[in-house]
Structures are given as structure tokens and as C-alpha cells.
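Structure first, commentary second.
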Amino acid sequence: MQLSLKTVTDPAALRTGCLVLPVTEGGSMQGAAGLVDRACGLRLSKLIAAEHFTGAAGRTLIAHALPGLAAARVVLMGVGKAGALDAGGWRKSLSAALGLVRSTGTTDAVLLADGLDVKDRDQAWLLRQVGILSETSGYRYSRTLSKPEPAARLARIAVALATKPARALSAALVEGGAIGRGMNLARELGNTPPNICTPTHLADQARALARRHTRLRCRVLDEKQMFALGMHSLLSVSAGTREPARLIVLEYRGGTKDERPYALVGKGITFDSGGISLKPGAAMDEMKFDMCGAASVLGTMQALAETAPALNVVAVVAACENMPSGSATRPGDVVKSMAGITIEILNTDAEGRLILCDAITYAKRFKPRSIVDIATLTGACVVALGKHASGLFSNDDALAAELLAAGNEAHDRAWHMPVWDDYQEQLKSNFADVANIGGPSAGSVTAACFLSRFATGEKWAHLDIAGTAWEQGAAKGATGRPVGLLLRYLLAQA
Ligand code: BES
Ligand code: MN
Ligand code: ZN
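Start counting at 1 in the sequence shown, then tack on 1, and there's your number in the working numbering.
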């Protein structure tokens with residue numbers, strides 16, 4: 002998608018396949034939208050009255066071939082009561098309008114954004130959302146469909162303002178586009194079936210990213226190399242499968258050579274059957290989404306490469322499949338992690354923490370400024386927070402505050418959960434330094450407590466995205482979260 006900002010004095014003369022005009026509740030068209038209405042002999046306000054168009058956020062109306070206008074069609078975009086438009090309302094209005102614009106088959110559109118005001122947000126935020134939704138609204142999964150929908154035709158969106166826009170505004174629009182494409186990459190990887198999206202496939206995708214962007218460098222460790230490093234916790238998860246595990250290391254270099262990087266660590270379980278602690282059958286297909294943490298990390302790295310900020314970031318993705326077999330890990334097995342901490346595996350379905358602990362230990366080698374891991378880690382987090390907020394856990398309150406702020410800014414929100422010592426005793430084992438499960442209570446907290454033992458001496462945070470990474474039901478599919486949060490956090494450091 003080509004996104005641009007332009008200055009427009011006479012919107013009626015705009016030659017475009019589709020002109021998008023915001024209309025406030027009560028149907029009034031002020032400013033530039035009013036000019037367009039007068040240019041076509043008040044046809045738009047007549048249409049609004051005839052169709053009882055309320056202008057509520059999410060409502061739209063379309064008109065074709067209006068006299069006096071150079072645009073082929075006009076889409077009226079309801080934005081709710083004047084002065085009451087909030088962040089969610091703007092996203093809803095814009096999504097509805099973009100959906101209608103796309104359905105017309107037009108290849109270009111111009112959005113008149115004059116006088117638009119979103120509560121508690123600035124103009125840059127509003128334009129960043131245009132960038133994000135312009136990209137994400139066109140995503141359709143098609144990889145394994147024999148008759149895919151025809152490819153999206155909308156290729157150019159311009160945002161028109163009456164006055165010359167500041168540089169920061171076009172940067173926000175471009176940044177939004179990069180976030181949107183990063184989300185789409187994460188969605189595509191998440192949606193790809195687990196017989197195709199294997200650990201090897203994830204590694205190939207990371208290598209392909211590095212080939213496309215000069216600032217990205219990729220290295221992939223195989224099981225032999227991981228064994229040599231002592232990653233026996235990670236390897237215990239792939240013991241039962243024929244798919245070889247991979248540790249993917251993707252570096253973004255935008256800062257100076259010796260500048261310490263920010264580390265992202267992703268859970269990449271390409272299918273989680275539970276292993277010998279086999280999961281119940283219902284909705285087990287959704288465990289192909291258990292690599293969405295890894296996918297969001299790759300999507301964020303792509304967005305970084307496209308926005309090119311001056312900082313260094315290292316991504317460590319642990320990619321594995323969790324399957325039962327005669328060679329699988331048993332409940333009761335004790336393994337030694339790369340950090341030297343021994344782990345009693347009481348439940349082979351608590352595998353995410355087993356791969357993340359070794360990946361976190363590996364990430365320490367880069368002397369990172371912070372480590373943020375992203376994982377579809379616990380069903381308990383879904384019980385606690387549902388699908389709206391990701392769970393945020395950290396050993397550093399300042400880092401937690403930064404991540405919460407990034408989530409609010411990106412409208413990709415997280416909620417702060419405790420990692421108090423009080424919970425640590427639930428992980429006691431008689432046969433190892435730590436057990437991999439902490440009993441039925443506070444499951445998402447004890448999972449984070451387990452990880453915290455491997456993040457000592459580091460500024461570390463963990464995002465449990467089990468509830469936010471994919472939608473269930475009719476709209477089943479990966480969401481691309483939390484690419485928006487992660488990119489905002491990283492750009493704020495540059
Ligand atoms: N990938 C799952 C977590 C999950 C479950 C995410 C359902 C989204 C929906 C994870 O590996 C897992 O199985 N966790 C167990 C941990 C338990 C055995 C302590 C869980 O949440 O049930
Ligand atoms: Mn599991
Ligand atoms: Zn899992």
C-alpha cells in the first residue's frame with residue numbers, strides 16, 4: 002500500500018476513485034466536507050437526510066458519480082458526536098470506511114482528515130492508525146485455499162489536509178504502514194497450518210527477512226548446536242517430534258556497533274499437542290497459534306527494518322513442536338537448563354517456559370538493555386484477562402510502565418500482573434531446583450515466576466498473549482498483536 006499526505010484546497014476537484022468524508026453524528030459536514038457538499042449542490046446532505054444516516058461511529062454511506070465532483074464516488078464515514086470521538090471509535094469508523102472503500106474495487110482513495118480530533122490523542126496518532134488499518138484491512142488468508150479471493154485492488158491511500166502537514170505527521174503515517182505490514186506478517190505465520198509452519202519454516206522466514214533488509218542479520222542454531230550449549234530444557238520439548246527444533250537469532254543493527262541491544266524473545270511452538278500430558282481434543286487445532294509470540298517478534302523485526310530507527314535489537318526465537326511419542330519427555334523427568342538450573346517436568350504441556358528459559362539465558366549473551374519475551378504461555382491468562390489485554394509481568398517497574406504506555410499508545414493494551422516472591426514457593430520440587438508447574442492457582446503468575454528465575458540480573462518483562470494473539474469462532478485467525486506495542490516500545494528508545 003502506498004500511503005501519502007497531501008495538502009488540498011479544493012477537495013471537489015480531487016481526481017480519485019473514492020473520496021472519504023468524515024461526518025459527525027447529526028449528519029453535519031463541516032470544513033472541507035461542507036465544501037464538497039456545496040460543490041455537488043448539497044446532494045450529500047440530501048442523501049444523509051433521505052437515508053437517515055446518523056453519522057454514528059462505524060456507520061457508512063456511499064454515493065456515486067456526483068455532479069460537480071472529480072471523485073468517482075464518495076464514502077461518508079460516521080465518526081460519532083462532535084468532540085466525543087475516542088481511540089476505539091476512530092479505529093471503528095476507519096475500519097468500516099476502509100471496508101466499504103475496498104469493496105468498490107477502487108485502486109486509490111483520498112481521506113479528508115481536516116478537523117478530525119480524537120480525544121486524548123494527537124494528529125500523529127490518528128494518522129498512524131490510518132497507516133496501520135490501511136494495511137491490516139486488506140489482509141486475507143489465502144495460502145492453502147484452492148480458490149482464493151481476488152487480490153486486493155486498493156493500492157494507494159492519500160490523507161488530505163487543508164494546511165501543509167508537519168514532517169512528523171507523514172512519519173507517523175509511514176510508521177503506521179510498517180506496523181500494519183508487520184502485523185500482517187505475524188498473522189500470516191500464525192494462520193499457516195502447522196504441517197507447513199514448522200520450526201524449519203520459521204527459520205526460513207527469518208532468513209528471508211534478513212535477505213530483504215540490509216540492517217537485519219540472521220543466524221539459526223540446530224539441535225546439535227543447542228545440545229553443545231546445554232539447552233536441555235528446550236530440547237526436552239522437541240524430544241517427541243520428528244520436526245527438528247531451531248533457535249533463530251535475528252539482529253537489527255541501526256545503532257553503533259558497540260551499543261547494547263534490546264532483546265525480544267519469542268515462543269515459537271509450531272504445534273502444542275501437550276506432549277505426553279496430552280491436551281483434550283476440543284479446539285486443539287488452535288494450538289497451531291502457539292507460535293504467535295515468535296511471529297510477533299518477526300513482524301516487529303520487519304517493521305523495525307522498514308522504519309530504520311537508530312538502535313540495536315536482537316530477536317531470539319525458540320522454535321519447536323510439542324508432540325507425544327516413544328521418545329517424548331515424561332512427566333517426572335528432570336532436565337538441566339542452559340543456566341544450570343535443574344527442572345522437574347511435572348507436566349509436558351507447560352512447555353513454553355521450558356523453551357523460553359533457555360532462550361532467555363541465550364539472550365543474556367548480548368548484554369541486552371532489556372529482555373522482553375512474548376508468549377502464548379497460559380490458558381490461565383485467558384481466564385484472567387480475556388482477549389482484550391495481554392498479561393504483563395516484570396521484575397522492573399520502570400520497564401513495566403514503559404511497556405504499558407507503549408500498549409496504550411498503540412491501542413494494543415497490556416495489564417500489569419504481579420511477580421511477587423510469595424508465588425515462587427508454588428514452584429518447589431523435591432527432585433530438582435524448580436518444578437515446571439505451580440498448581441491450579443494463579444497459573445499465569447507462576448509461569449512468569451518460573452521465567453523470572455532465568456532473568457536474574459536483567460531488566461526483564463514477559464507478555465502473555467494467550468488471549469490476544471488470535472480470534473476464535475467465525476473470525477478465527479491470528480491478530481498480529483502485540484506488534485504495535487513492541488514497535489512503539491522500541492521506537493521510544495531510539
Ligand atoms: N500454549 C498453552 C497455553 C494456551 C492454552 C494458550 C490455551 C492459549 C489457549 C501452554 O503451552 C499450556 O499448555 N499451558 C498450560 C500450562 C499448565 C499445564 C500449567 C495451560 O495453560 O493449561
Ligand atoms: Mn502447552
Ligand atoms: Zn504451549
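Think of the CB as a built atom: it goes at the ideal place given N, C-alpha and C, for glycine as much as any other residue.
Name the two residues that bound the continuous beta strand (DSSP E) containing Phe272. Residue 272 sits at position 271 when you count from the first residue of the sequence shown. Where Phe272 is concerned, the enclosing beta strand (DSSP E) stretches over Tyr263 to Asp273.
CA-CA distance, Ala34 and Asp11? Residue mapping note: residue 34 aligns to position 33 of the sequence shown, counting from 1. Residue mapping note: residue 11 aligns to position 10 of the sequence shown, counting from 1. The straight-line gap from Cα to Cα measures roughly 10 angstroms.
Beta carbon of Leu217 nearer than 7 angstroms to that of Tyr253: Here residue 217 corresponds to residue number 216 of the sequence shown, with the count starting at 1. Here residue 253 corresponds to residue number 252 of the sequence shown, with the count starting at 1. Yes, the pair counts as a contact, with Cβ atoms nearer than the cut-off.
Starting from the N-terminal side, write out each stretch of the alpha helix (DSSP H) that is 4 residues or longer and does not extend beyond the segment 10 to 76. 32 to 40 and 44 to 51
Taking 6 angstroms as the limit between beta carbons, can you name the residues of its chain near Gly231, skipping five residues before and five after? Residue 231 sits at position 230 when you count from the first residue of the sequence shown. Here the set comprises Met339.
Straight-line CA distance for Gln456 to Ile249? Stepping through the sequence shown from its first residue, residue 456 is reached at position 455. Stepping through the sequence shown from its first residue, residue 249 is reached at position 248. According to the sequence displayed, residue 456 carries Ala and not Gln. Cα-Cα distance, rounded: 19 angstroms.
Check each candidate in Gly181, Ala51, Ser239 and Val119 and name the one with the smallest Cα separation from Gly139. Position 138 of the sequence shown, counted from the start, is the residue given in the question as residue 139. The option with the nearest alpha carbon to Gly139 is Gly181.
Quick check on Ala156: buried or exposed, where buried means 16 or more other Cβ atoms within 10 Å of its Cβ? Indexing the sequence shown from 1 puts residue 156 at position 155. Burial call: exposed.
Have a look at Cys219, Gly255, Thr257 and Ile277 and flag the residue whose alpha-carbon is nearest the alpha-carbon of Ser239. Working through the sequence shown from its first residue, we reach residue 239 at position 238. It is Ile277.
Ile63 versus Ser29: straight-line alpha-carbon distance, rounded: If you number the sequence shown from 1, residue 63 lands on position 62. If you number the sequence shown from 1, residue 29 lands on position 28. Going from the Cα of Ile63 to the Cα of Ser29 covers about 16 angstroms.
What residues in its chain sit with their C-beta under 8 angstroms from that of Leu492, if we drop five residues either side in the sequence? To locate residue 492, count along the sequence shown from 1; it is residue 491. Excluding residues within five positions, the ones whose Cβ falls inside 8 angstroms are Glu176, Thr308 and Pro310.
Flag this pair as yes or no: are the beta carbons of Thr330 and Ser234 separated by less than 7 angstroms? Indexing the sequence shown from 1 puts residue 330 at position 329. Indexing the sequence shown from 1 puts residue 234 at position 233. No, the pair does not count as a contact, with Cβ atoms beyond the cut-off.
Locate the beta strand (DSSP E) running through His412, then write down its first and last residues. For this step, residue 412 is matched to residue 411 along the sequence shown. Run containing His412: none; DSSP gives neither H nor E here.
Three Cβ pairs or more, each shorter than 8 angstroms: is that satisfied between the segment 382 to 400 and the segment 359 to 366? no
Going by other Cβ atoms of all chains shown within 10 Å of its Cβ, with 16 needed for buried, is Gly1 buried or exposed? What the structure shows of the chain is the stretch from 2 to 495, and residue 1 is not part of that stretch, so it cannot be assessed.
Simplified DSSP assignment, three categories, for Trp461: Position 460 of the sequence shown, counted from the first residue, corresponds to residue 461. Trp461: strand per DSSP, three-state reduction.
Looking at the ligand MN, does it come within less than 6 angstroms of Glu352, judged from the CB to the closest heavy atom? Counting from 1 along the sequence shown, the entry for residue 352 is found at position 351. Flag set: Cβ of Glu352 near the ligand MN.
Rounded to whole angstroms, what's the CA-CA distance from Leu222 to Glu322? Just pull it up for me. As a working note, residue 222 is residue 221 in the sequence shown. As a working note, residue 322 is residue 321 in the sequence shown. Taking the straight line from one Cα to the other gives about 16 angstroms.
Roughly how many angstroms lie between the CA atoms of Leu485 and His202, to the nearest whole one? Counting from one through the sequence shown, the residue named residue 485 turns up at place 484. Counting from one through the sequence shown, the residue named residue 202 turns up at place 201. Strictly speaking, residue 485 in this sequence is Gly, with Leu absent from that position. Approximately 24 angstroms, taken between the alpha carbons.
Does the beta carbon of Asp359 fall short of 6 angstroms from some heavy atom of the ligand ZN? For the purposes of this step, residue 359 is taken as the residue at position 358 of the sequence shown. Asp359 Cβ: outside cutoff for every heavy atom of the ligand ZN.
What three-state label does DSSP hand Gly116 in the structure shown? In the sequence shown, residue 116 corresponds to position 115, counting from 1. The answer is coil: DSSP assigns Gly116 none of H, G, I, E or B.
Which whole-angstrom value is the C-beta distance of Gly178 and Met2, which I expect to be below 8 angstroms? Along the sequence shown, read from residue 1 onward, the residue named residue 178 stands at position 177. Along the sequence shown, read from residue 1 onward, the residue named residue 2 stands at position 1. With 8 angstroms as the limit, Gly178 and Met2 qualify as a contact, their Cβ atoms being about 6 angstroms apart.
Could you please give the first and the last residue of the uninterrupted alpha helix (DSSP H) stretch that includes Ala319? Taking the first residue of the sequence shown as position 1, residue 319 is located at position 318. Segment Asn313 to Asn323 is the beta strand (DSSP E) holding Ala319; no alpha helix (DSSP H) there.
Paired residues, beta bridge with Val446 - DSSP: The residue you call residue 446 lines up with position 445 of the sequence shown. BP columns for Val446 are empty, so no partner.
Residue range of the beta strand (DSSP E) that includes Val160: For the purposes of this step, residue 160 is taken as residue 159 along the sequence shown, with counting starting at 1. Element bounds for Val160: Arg157 to Leu162.
Applying the 10 Å Cβ sphere with the 16-neighbour rule, what's the burial state of Trp421? Taking the sequence shown and counting its residues from 1, the one referred to as residue 421 is at position 420. So Trp421 counts as exposed.
What does a CB cutoff of less than 8 angstroms around Ala169 pick up in its chain, not counting 5 residues either side in sequence? The residue you call residue 169 lines up with position 168 of the sequence shown. Hits under 8 angstroms: Ala125.
Just to check, is the beta-carbon of Asp286 closer than 6 angstroms to a non-hydrogen atom of the ligand MN? Translated into positions along the sequence shown, residue 286 becomes position 285. No, Cβ of Asp286 sits at least 6 angstroms from all heavy atoms of the ligand MN.
Any contact of the segment 457 to 464 with the segment 369 to 376, i.e. 3+ C-beta pairs under 8 angstroms? yes
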